[in-house]
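Notes follow the structure.
Numbering (our numbering), first residue to last: 3 to 396.
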(Lines of atoms letter the chains of each structure in order from A and count residues from 1; the text may use other names and numbers.)
(Lines give C-alpha, C1' and ligand atoms only; values in the text may rest on other atoms or scores of the structure.)
Protein backbone atom coordinates (compact mmCIF):
# COMPACT_ATOMS: atom_id res chain seq x y z
CA UNK A 1 0.00 0.00 0.00
CA UNK A 2 1.42 3.41 -0.99
CA UNK A 3 0.80 5.73 1.89
CA UNK A 4 1.57 8.86 -0.15
CA UNK A 5 -1.26 8.12 -2.59
CA UNK A 6 -3.77 7.30 0.09
CA UNK A 7 -5.80 10.29 1.33
CA UNK A 8 -6.47 8.45 4.57
CA UNK A 9 -2.84 9.06 5.50
CA UNK A 10 -3.09 12.79 4.77
CA UNK A 11 -2.17 15.82 6.89
CA UNK A 12 -5.13 15.48 9.26
CA UNK A 13 -4.34 11.86 10.11
CA UNK A 14 -0.66 12.67 10.52
CA UNK A 15 -1.55 15.32 13.10
CA UNK A 16 -3.95 12.97 14.88
CA UNK A 17 -1.27 10.26 14.84
CA UNK A 18 1.25 12.61 16.47
CA UNK A 19 -1.24 13.54 19.19
CA UNK A 20 -2.12 9.88 19.67
CA UNK A 21 1.57 8.99 20.04
CA UNK A 22 2.21 11.69 22.66
CA UNK A 23 -0.98 10.85 24.58
CA UNK A 24 -0.15 7.13 24.68
CA UNK A 25 3.51 7.83 25.53
CA UNK A 26 2.40 9.74 28.62
CA UNK A 27 -0.30 7.18 29.44
CA UNK A 28 2.15 4.28 29.26
CA UNK A 29 4.69 6.13 31.37
CA UNK A 30 2.08 7.08 33.96
CA UNK A 31 0.22 3.76 34.23
CA UNK A 32 3.05 1.26 33.83
CA UNK A 33 5.91 3.14 35.50
CA UNK A 34 4.99 6.30 37.38
CA UNK A 35 1.94 5.02 39.28
CA UNK A 36 3.35 1.58 40.31
CA UNK A 37 6.91 2.72 41.03
CA UNK A 38 6.19 6.18 42.47
CA UNK A 39 3.13 4.92 44.34
CA UNK A 40 4.93 1.96 45.92
CA UNK A 41 8.47 3.24 46.47
CA UNK A 42 7.93 6.96 47.06
CA UNK A 43 4.46 7.12 48.59
CA UNK A 44 4.59 3.68 50.22
CA UNK A 45 1.21 2.62 48.84
CA UNK A 46 0.28 -1.06 48.62
CA UNK A 47 -0.35 -2.82 45.32
CA UNK A 48 -4.07 -3.00 45.97
CA UNK A 49 -4.29 0.82 46.27
CA UNK A 50 -2.25 1.18 43.09
CA UNK A 51 -4.60 -1.28 41.41
CA UNK A 52 -7.58 0.81 42.53
CA UNK A 53 -5.98 3.96 41.08
CA UNK A 54 -5.34 2.29 37.72
CA UNK A 55 -8.88 0.91 37.72
CA UNK A 56 -10.17 4.43 38.47
CA UNK A 57 -8.30 5.67 35.40
CA UNK A 58 -9.84 3.04 33.16
CA UNK A 59 -13.25 3.46 34.81
CA UNK A 60 -13.55 7.11 33.79
CA UNK A 61 -12.00 6.35 30.42
CA UNK A 62 -14.53 3.58 29.77
CA UNK A 63 -17.64 5.32 31.08
CA UNK A 64 -16.94 8.38 28.95
CA UNK A 65 -16.29 6.45 25.74
CA UNK A 66 -20.01 6.13 25.05
CA UNK A 67 -20.68 9.78 25.84
CA UNK A 68 -17.70 10.98 23.80
CA UNK A 69 -18.78 8.91 20.82
CA UNK A 70 -22.18 10.60 21.09
CA UNK A 71 -20.55 14.04 21.36
CA UNK A 72 -18.32 13.39 18.33
CA UNK A 73 -21.44 12.85 16.25
CA UNK A 74 -22.70 16.31 17.33
CA UNK A 75 -19.73 18.58 18.05
CA UNK A 76 -16.43 19.25 16.34
CA UNK A 77 -13.53 16.84 16.70
CA UNK A 78 -11.32 19.69 17.88
CA UNK A 79 -13.65 20.79 20.68
CA UNK A 80 -14.17 17.31 22.12
CA UNK A 81 -10.47 16.37 22.00
CA UNK A 82 -9.41 19.73 23.46
CA UNK A 83 -11.68 19.40 26.49
CA UNK A 84 -10.57 15.81 27.09
CA UNK A 85 -6.85 16.56 26.87
CA UNK A 86 -7.24 19.59 29.12
CA UNK A 87 -8.82 17.42 31.83
CA UNK A 88 -6.04 14.86 31.41
CA UNK A 89 -3.48 17.64 31.79
CA UNK A 90 -5.12 18.65 35.07
CA UNK A 91 -4.99 15.03 36.21
CA UNK A 92 -1.24 14.77 35.55
CA UNK A 93 -0.75 18.11 37.31
CA UNK A 94 -2.49 16.80 40.45
CA UNK A 95 -0.11 13.82 40.82
CA UNK A 96 2.43 16.10 42.48
CA UNK A 97 -0.07 16.64 45.31
CA UNK A 98 -1.01 12.94 45.66
CA UNK A 99 0.50 12.22 49.08
CA UNK A 100 -2.88 10.93 50.28
CA UNK A 101 -4.29 7.72 48.70
CA UNK A 102 -7.63 9.32 47.79
CA UNK A 103 -5.87 12.15 45.94
CA UNK A 104 -3.71 9.59 44.16
CA UNK A 105 -6.83 7.70 43.05
CA UNK A 106 -8.77 10.88 42.15
CA UNK A 107 -5.91 12.23 40.00
CA UNK A 108 -5.70 8.93 38.16
CA UNK A 109 -9.46 8.97 37.57
CA UNK A 110 -9.38 12.54 36.23
CA UNK A 111 -6.45 11.64 33.98
CA UNK A 112 -8.55 8.87 32.44
CA UNK A 113 -11.21 11.31 31.23
CA UNK A 114 -9.13 12.71 28.41
CA UNK A 115 -7.94 9.40 27.00
CA UNK A 116 -11.18 8.52 25.20
CA UNK A 117 -11.61 11.23 22.53
CA UNK A 118 -8.43 10.86 20.49
CA UNK A 119 -8.74 7.08 20.10
CA UNK A 120 -12.43 7.25 19.17
CA UNK A 121 -11.54 9.93 16.58
CA UNK A 122 -8.96 7.57 15.08
CA UNK A 123 -11.50 4.76 14.85
CA UNK A 124 -14.04 6.97 13.08
CA UNK A 125 -11.44 7.88 10.43
CA UNK A 126 -10.66 4.30 9.40
CA UNK A 127 -12.10 3.22 6.04
CA UNK A 128 -13.86 -0.08 5.46
CA UNK A 129 -11.78 -1.04 2.38
CA UNK A 130 -8.49 -1.41 4.24
CA UNK A 131 -9.64 -1.47 7.83
CA UNK A 132 -7.24 -4.08 9.21
CA UNK A 133 -4.25 -2.47 7.48
CA UNK A 134 -5.16 0.97 8.74
CA UNK A 135 -5.88 -0.38 12.21
CA UNK A 136 -2.45 -1.98 12.07
CA UNK A 137 -0.97 1.46 11.32
CA UNK A 138 -2.87 3.11 14.16
CA UNK A 139 -2.01 0.33 16.57
CA UNK A 140 1.66 0.70 15.60
CA UNK A 141 1.51 4.38 16.57
CA UNK A 142 -0.44 3.51 19.72
CA UNK A 143 1.83 0.66 20.74
CA UNK A 144 5.10 2.47 20.06
CA UNK A 145 3.86 5.36 22.19
CA UNK A 146 2.45 3.17 24.95
CA UNK A 147 5.58 0.97 24.97
CA UNK A 148 8.24 3.68 24.74
CA UNK A 149 6.65 5.74 27.53
CA UNK A 150 7.41 3.32 30.38
CA UNK A 151 10.80 2.42 28.90
CA UNK A 152 11.95 6.04 28.89
CA UNK A 153 10.24 6.69 32.23
CA UNK A 154 11.94 3.69 33.90
CA UNK A 155 15.36 4.94 32.87
CA UNK A 156 14.73 8.56 33.84
CA UNK A 157 13.19 7.66 37.20
CA UNK A 158 16.54 6.16 38.26
CA UNK A 159 18.17 9.57 37.79
CA UNK A 160 15.59 12.26 38.48
CA UNK A 161 12.04 11.43 39.56
CA UNK A 162 10.94 15.06 39.72
CA UNK A 163 12.36 15.85 36.29
CA UNK A 164 10.65 12.77 34.84
CA UNK A 165 7.30 13.91 36.23
CA UNK A 166 7.66 17.41 34.75
CA UNK A 167 8.65 15.94 31.39
CA UNK A 168 5.39 13.97 31.33
CA UNK A 169 3.47 17.07 32.39
CA UNK A 170 5.10 19.06 29.57
CA UNK A 171 4.24 16.39 27.00
CA UNK A 172 0.62 16.36 28.18
CA UNK A 173 0.59 20.13 27.66
CA UNK A 174 2.07 19.76 24.15
CA UNK A 175 -0.63 17.26 23.12
CA UNK A 176 -3.31 19.70 24.31
CA UNK A 177 -1.75 22.56 22.33
CA UNK A 178 -1.57 20.41 19.16
CA UNK A 179 -5.30 19.68 19.46
CA UNK A 180 -5.98 23.35 18.57
CA UNK A 181 -4.82 22.57 15.02
CA UNK A 182 -7.30 19.72 14.50
CA UNK A 183 -10.31 19.85 12.21
CA UNK A 184 -13.32 21.86 13.29
CA UNK A 185 -15.69 19.37 11.65
CA UNK A 186 -17.74 16.72 13.34
CA UNK A 187 -16.64 13.08 13.08
CA UNK A 188 -19.78 12.57 11.00
CA UNK A 189 -20.93 15.52 8.89
CA UNK A 190 -24.34 14.02 8.27
CA UNK A 191 -27.38 15.08 10.27
CA UNK A 192 -27.21 13.36 13.68
CA UNK A 193 -29.50 10.38 14.05
CA UNK A 194 -31.84 10.64 17.09
CA UNK A 195 -30.28 8.96 20.11
CA UNK A 196 -33.24 6.59 20.53
CA UNK A 197 -32.82 5.34 16.95
CA UNK A 198 -29.07 4.96 17.40
CA UNK A 199 -29.46 2.83 20.50
CA UNK A 200 -32.09 0.71 18.75
CA UNK A 201 -29.67 -0.11 15.90
CA UNK A 202 -26.72 -0.62 18.24
CA UNK A 203 -28.83 -2.83 20.50
CA UNK A 204 -29.56 -5.02 17.51
CA UNK A 205 -25.88 -5.20 16.65
CA UNK A 206 -24.88 -6.09 20.22
CA UNK A 207 -27.49 -8.84 20.21
CA UNK A 208 -25.88 -10.26 17.07
CA UNK A 209 -22.41 -10.19 18.66
CA UNK A 210 -23.48 -11.50 22.09
CA UNK A 211 -21.27 -14.59 21.62
CA UNK A 212 -18.23 -12.30 21.39
CA UNK A 213 -18.91 -10.32 24.56
CA UNK A 214 -17.42 -12.84 27.07
CA UNK A 215 -14.15 -13.01 25.15
CA UNK A 216 -14.12 -9.22 24.73
CA UNK A 217 -14.31 -8.65 28.47
CA UNK A 218 -11.98 -11.48 29.52
CA UNK A 219 -9.17 -10.55 27.14
CA UNK A 220 -8.99 -6.96 28.35
CA UNK A 221 -9.23 -8.11 31.97
CA UNK A 222 -6.43 -10.64 31.50
CA UNK A 223 -4.09 -8.03 30.04
CA UNK A 224 -4.89 -5.22 32.48
CA UNK A 225 -4.38 -7.52 35.50
CA UNK A 226 -0.67 -7.35 34.74
CA UNK A 227 -0.38 -3.54 34.73
CA UNK A 228 -0.03 -2.89 38.50
CA UNK A 229 2.35 -5.80 39.14
CA UNK A 230 4.77 -5.85 36.19
CA UNK A 231 7.60 -3.71 37.67
CA UNK A 232 7.60 -5.53 41.03
CA UNK A 233 7.18 -8.94 39.34
CA UNK A 234 10.23 -8.30 37.17
CA UNK A 235 12.31 -7.08 40.10
CA UNK A 236 11.26 -9.49 42.87
CA UNK A 237 10.36 -12.70 41.01
CA UNK A 238 12.53 -12.59 37.88
CA UNK A 239 15.41 -10.74 39.52
CA UNK A 240 15.57 -8.29 36.63
CA UNK A 241 16.86 -4.76 37.37
CA UNK A 242 15.32 -1.67 35.78
CA UNK A 243 17.67 -1.61 32.78
CA UNK A 244 16.97 -5.22 31.79
CA UNK A 245 13.24 -4.72 32.41
CA UNK A 246 13.33 -1.77 30.00
CA UNK A 247 15.13 -4.00 27.49
CA UNK A 248 12.36 -6.61 27.77
CA UNK A 249 9.69 -3.97 27.20
CA UNK A 250 11.66 -2.55 24.28
CA UNK A 251 12.10 -5.90 22.54
CA UNK A 252 8.48 -6.92 23.06
CA UNK A 253 7.28 -3.53 21.88
CA UNK A 254 9.48 -3.62 18.77
CA UNK A 255 8.16 -7.06 17.80
CA UNK A 256 4.58 -5.94 18.37
CA UNK A 257 4.99 -2.66 16.47
CA UNK A 258 6.87 -4.33 13.60
CA UNK A 259 4.20 -7.01 13.28
CA UNK A 260 1.04 -4.89 13.41
CA UNK A 261 0.97 -3.56 9.84
CA UNK A 262 2.04 -6.89 8.20
CA UNK A 263 -0.53 -8.75 10.30
CA UNK A 264 -3.15 -6.20 9.35
CA UNK A 265 -2.38 -6.67 5.66
CA UNK A 266 -2.53 -10.44 6.04
CA UNK A 267 -5.92 -10.13 7.73
CA UNK A 268 -7.20 -7.96 4.86
CA UNK A 269 -5.73 -10.30 2.25
CA UNK A 270 -6.79 -13.62 3.75
CA UNK A 271 -10.10 -12.36 5.09
CA UNK A 272 -10.00 -14.80 8.00
CA UNK A 273 -9.99 -13.37 11.49
CA UNK A 274 -10.55 -16.58 13.47
CA UNK A 275 -7.13 -18.10 12.83
CA UNK A 276 -5.30 -14.95 13.90
CA UNK A 277 -7.36 -14.71 17.09
CA UNK A 278 -6.94 -18.38 18.06
CA UNK A 279 -3.20 -18.59 17.36
CA UNK A 280 -2.48 -15.15 18.84
CA UNK A 281 -4.27 -15.75 22.13
CA UNK A 282 -2.92 -19.28 22.64
CA UNK A 283 0.66 -18.20 21.96
CA UNK A 284 0.16 -15.28 24.34
CA UNK A 285 -1.04 -17.69 27.03
CA UNK A 286 1.89 -20.06 26.53
CA UNK A 287 4.37 -17.17 26.66
CA UNK A 288 2.94 -15.86 29.94
CA UNK A 289 2.95 -19.39 31.35
CA UNK A 290 6.66 -19.73 30.59
CA UNK A 291 7.41 -16.27 31.96
CA UNK A 292 6.07 -17.26 35.38
CA UNK A 293 8.65 -20.08 35.61
CA UNK A 294 11.44 -17.67 36.57
CA UNK A 295 13.66 -18.56 33.62
CA UNK A 296 17.06 -16.97 32.88
CA UNK A 297 17.06 -13.50 31.33
CA UNK A 298 17.88 -14.68 27.80
CA UNK A 299 14.82 -16.92 27.81
CA UNK A 300 12.77 -13.96 28.99
CA UNK A 301 13.94 -12.02 25.93
CA UNK A 302 12.58 -14.76 23.63
CA UNK A 303 9.33 -14.81 25.60
CA UNK A 304 9.03 -11.02 25.25
CA UNK A 305 9.41 -11.38 21.47
CA UNK A 306 6.71 -14.08 21.40
CA UNK A 307 4.36 -11.89 23.46
CA UNK A 308 4.88 -8.98 21.08
CA UNK A 309 4.23 -11.03 17.95
CA UNK A 310 1.17 -12.66 19.51
CA UNK A 311 -0.22 -9.23 20.34
CA UNK A 312 0.41 -8.09 16.78
CA UNK A 313 -1.52 -11.07 15.42
CA UNK A 314 -4.57 -10.37 17.58
CA UNK A 315 -5.11 -6.62 17.43
CA UNK A 316 -5.78 -5.91 13.71
CA UNK A 317 -8.00 -8.99 13.37
CA UNK A 318 -9.94 -8.16 16.51
CA UNK A 319 -10.64 -4.56 15.51
CA UNK A 320 -11.56 -5.56 11.96
CA UNK A 321 -14.03 -7.96 13.56
CA UNK A 322 -15.53 -5.29 15.80
CA UNK A 323 -15.80 -2.89 12.87
CA UNK A 324 -18.30 -5.22 11.22
CA UNK A 325 -20.71 -4.46 14.05
CA UNK A 326 -20.44 -0.66 13.91
CA UNK A 327 -23.48 0.78 12.07
CA UNK A 328 -22.59 3.15 9.22
CA UNK A 329 -23.23 6.86 9.85
CA UNK A 330 -23.03 6.19 13.61
CA UNK A 331 -19.31 5.57 13.93
CA UNK A 332 -18.72 7.87 16.91
CA UNK A 333 -21.41 6.38 19.13
CA UNK A 334 -20.84 2.88 17.74
CA UNK A 335 -17.15 2.74 18.58
CA UNK A 336 -17.85 4.46 21.88
CA UNK A 337 -20.25 1.72 22.97
CA UNK A 338 -18.05 -1.14 21.78
CA UNK A 339 -15.06 0.42 23.53
CA UNK A 340 -17.19 0.67 26.66
CA UNK A 341 -17.78 -3.09 26.62
CA UNK A 342 -14.06 -3.68 26.11
CA UNK A 343 -13.40 -1.31 28.98
CA UNK A 344 -15.34 -3.43 31.47
CA UNK A 345 -12.46 -5.89 31.55
CA UNK A 346 -9.93 -3.07 31.73
CA UNK A 347 -11.73 -1.67 34.78
CA UNK A 348 -11.85 -5.01 36.60
CA UNK A 349 -8.35 -6.22 35.66
CA UNK A 350 -6.05 -3.83 37.59
CA UNK A 351 -8.25 -4.02 40.67
CA UNK A 352 -8.19 -7.83 40.60
CA UNK A 353 -4.47 -7.94 39.81
CA UNK A 354 -3.59 -5.63 42.69
CA UNK A 355 -5.65 -7.57 45.24
CA UNK A 356 -4.41 -10.98 44.02
CA UNK A 357 -0.80 -9.80 44.16
CA UNK A 358 -1.26 -8.41 47.68
CA UNK A 359 -2.85 -11.66 48.90
CA UNK A 360 -0.96 -14.35 46.94
CA UNK A 361 2.02 -12.66 45.29
CA UNK A 362 2.78 -11.27 41.84
CA UNK A 363 3.46 -14.65 40.11
CA UNK A 364 -0.10 -15.76 40.81
CA UNK A 365 -1.38 -12.84 38.74
CA UNK A 366 0.74 -13.95 35.77
CA UNK A 367 -0.53 -17.54 36.12
CA UNK A 368 -4.16 -16.46 36.21
CA UNK A 369 -3.68 -14.12 33.24
CA UNK A 370 -2.10 -16.97 31.24
CA UNK A 371 -5.05 -19.24 32.06
CA UNK A 372 -7.52 -16.56 30.94
CA UNK A 373 -5.78 -16.08 27.59
CA UNK A 374 -5.63 -19.82 27.04
CA UNK A 375 -9.37 -20.09 27.68
CA UNK A 376 -10.02 -17.18 25.31
CA UNK A 377 -8.03 -18.89 22.55
CA UNK A 378 -10.07 -22.07 23.01
CA UNK A 379 -13.25 -20.01 23.13
CA UNK A 380 -12.56 -18.53 19.69
CA UNK A 381 -11.47 -21.93 18.37
CA UNK A 382 -14.88 -23.43 19.06
CA UNK A 383 -16.89 -20.27 18.37
CA UNK A 384 -19.17 -20.62 15.30
CA UNK A 385 -17.76 -18.86 12.25
CA UNK A 386 -20.98 -16.91 11.79
CA UNK A 387 -20.23 -14.99 15.00
CA UNK A 388 -16.98 -13.76 13.42
CA UNK A 389 -18.48 -12.55 10.15
CA UNK A 390 -21.18 -10.09 11.22
CA UNK A 391 -21.88 -6.98 9.22
CA UNK A 392 -23.41 -3.87 10.65
CA UNK A 393 -26.55 -2.74 9.00
CA UNK A 394 -27.58 0.84 8.53
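Yeah, the Cβ is synthetic: ideal placement off N, Cα and C, and Gly gets one too. These numbers were taken from a predicted model, which means no experiment stands behind them.
Can you name, in chain order, every residue of its own chain whose Cβ lies under 7 Å from the Cβ of residue i, other than the five neighbours on each side?
i           : result
residue 148 : 26, 29 and 30
residue 194 : Because the pLDDT at residue 194 is just 49, under 50, the model does not fix this residue reliably, and the value given afterwards should be weighed accordingly. Within the same chain, residue 194 has close Cβ partners 75 and 76.
residue 155 : 31, 35, 36 and 166
residue 171 : 94 and 95
residue 251 : 149, 152 and 153
residue 369 : 294
residue 91  : 174, 175 and 178
residue 160 : 244
residue 380 : none
Measuring straight from C-alpha to C-alpha, what distance separates residue i and residue j?
i           : j           : result
residue 292 : residue 305 : 7 Å
residue 174 : residue 384 : 44 Å
residue 152 : residue 145 : 11 Å
residue 163 : residue 113 : 19 Å
residue 62  : residue 52  : 16 Å
residue 364 : residue 373 : 15 Å
residue 209 : residue 20  : 36 Å
residue 105 : residue 40  : 14 Å
residue 277 : residue 81  : 40 Å
residue 290 : residue 296 : 11 Å
residue 101 : residue 45  : 6 Å
residue 245 : residue 185 : 41 Å
residue 286 : residue 314 : 10 Å
residue 362 : residue 157 : 29 Å
residue 13  : residue 22  : 14 Å
residue 56  : residue 255 : 21 Å
residue 323 : residue 72  : 22 Å
residue 220 : residue 327 : 19 Å
Is the distance from the Cβ of residue i to the Cβ of residue j below 8 Å?
i           : j           : result
residue 109 : residue 96  : yes
residue 231 : residue 376 : no
residue 352 : residue 226 : yes
residue 79  : residue 32  : no
residue 69  : residue 111 : no
residue 143 : residue 83  : no
residue 229 : residue 382 : no
residue 103 : residue 49  : no
residue 67  : residue 341 : yes
residue 54  : residue 107 : yes
residue 348 : residue 222 : yes
residue 183 : residue 17  : yes
residue 127 : residue 15  : yes
residue 346 : residue 64  : yes
residue 358 : residue 350 : no
Who are the Cβ neighbours of residue i in its own chain at under 6 Å, not counting the five residues just before and after it?
i           : result
residue 257 : 307, 310 and 311
residue 405 : Only positions 3 to 396 of the chain appear in the structure, and residue 405 is not among them; the question remains open.
residue 235 : 364
residue 224 : 371, 374 and 375
Looking only at its chain, what residues have a beta carbon closer than 8 Å to the beta carbon of residue i, apart from the 5 residues adjacent to it on each side?
i           : result
residue 187 : 78 and 79
Could you check whether the Cβ of residue i sits closer than 7 Å to any heavy atom belonging to the ligand FAD?
i          : result
residue 34 : For the structure depicted, the ligand FAD is absent and the ligand set is empty, with no information on it obtainable.
Exercise for review: Taking only runs that begin and end inside the stretch 297-378, name each unbroken alpha helix (DSSP H) of 4 or more residues, in chain order.
Suggested key: List check, alpha helix (DSSP H) in window: 299-325 and 333-362.
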